[in-house]
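Residue numbers (our numbering): 1251 to 1350.
Using N, Cα and C, we set each Cβ at its ideal position, and we do this for glycine too.
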Amino acid sequence: MENMLQNIDLIHRYLSLSITDQFYLNVDLEGEYIFTQNIVSKKIIIATTFTDKIRSHPQLKLFLSALIAEINSGRCTVDLLRERTRYFEEMRRQPFRRII
1251 MENMLQNIDL
1261 IHRYLSLSIT
1271 DQFYLNVDLE
1281 GEYIFTQNIV
1291 SKKIIIATTF
1301 TDKIRSHPQL
1311 KLFLSALIAE
1321 INSGRCTVDL
1331 LRERTRYFEE
1341 MRRQPFRRII
């Protein structure tokens, strides 16, 4: 993803909202990943530094790892992150409907 360091807040919000949408959890992701430079390609990537909070939930760890891999590979563009983040935020504002 181009300009990864310029979009740290967007990436963090996207990851947090994705977890909330998928697992109905509000997880503080502070200390769970860092931005660093790939030794070979010299590109900025997200490296996981998962704590026990994430490691103790295998499905959450796998989900978050997949999201990060998607961002690192470039398949997830800034525009796509913005679109998905807007969608998640709109869904949070929608009232829940009971289906009987």
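Those residues which DSSP pairs with residue i across a bridge
i	result
Ile1289	Partner(s): none; Ile1289 has no beta bridge.
Ala1297	Ile1284
With 16 other Cβ atoms within 10 Å as the buried cut-off, status of residue i
i	result
Ile1304	buried
Leu1312	exposed
Glu1383	Nothing can be reported for residue 1383: it is not among the residues displayed for the chain, which extend from 1251 to 1350.
Glu1282	buried
Ile1321	buried
Ile1284	exposed
Leu1255	exposed
Ile1269	buried
Ile1289	exposed
Leu1265	buried
Leu1275	exposed
Limits of the unbroken alpha helix (DSSP H) element including residue i
i	result
Met1254	Segment: none, Met1254 is in no alpha helix (DSSP H) and carries neither H nor E.
Thr1327	Segment: none, Thr1327 is in no alpha helix (DSSP H) and carries neither H nor E.
Leu1310	Pro1308 to Ser1323
Asp1302	Asp1302 to Arg1305
Cβ distance (whole Å) where residue i is taken to contact residue j below 8 Å
i	j	result
Ser1315	Thr1327	The Cβ separation is near 19 Å, so there is no contact.
Checklist entry - Do three or more CB pairs link the segment 1330-1339 to the segment 1252-1264 at distances below 8 Å? => result For the pair of segments examined, the segment 1330-1339 was found to touch the segment 1252-1264: the number of CB pairs separated by less than 8 Å reaches three.
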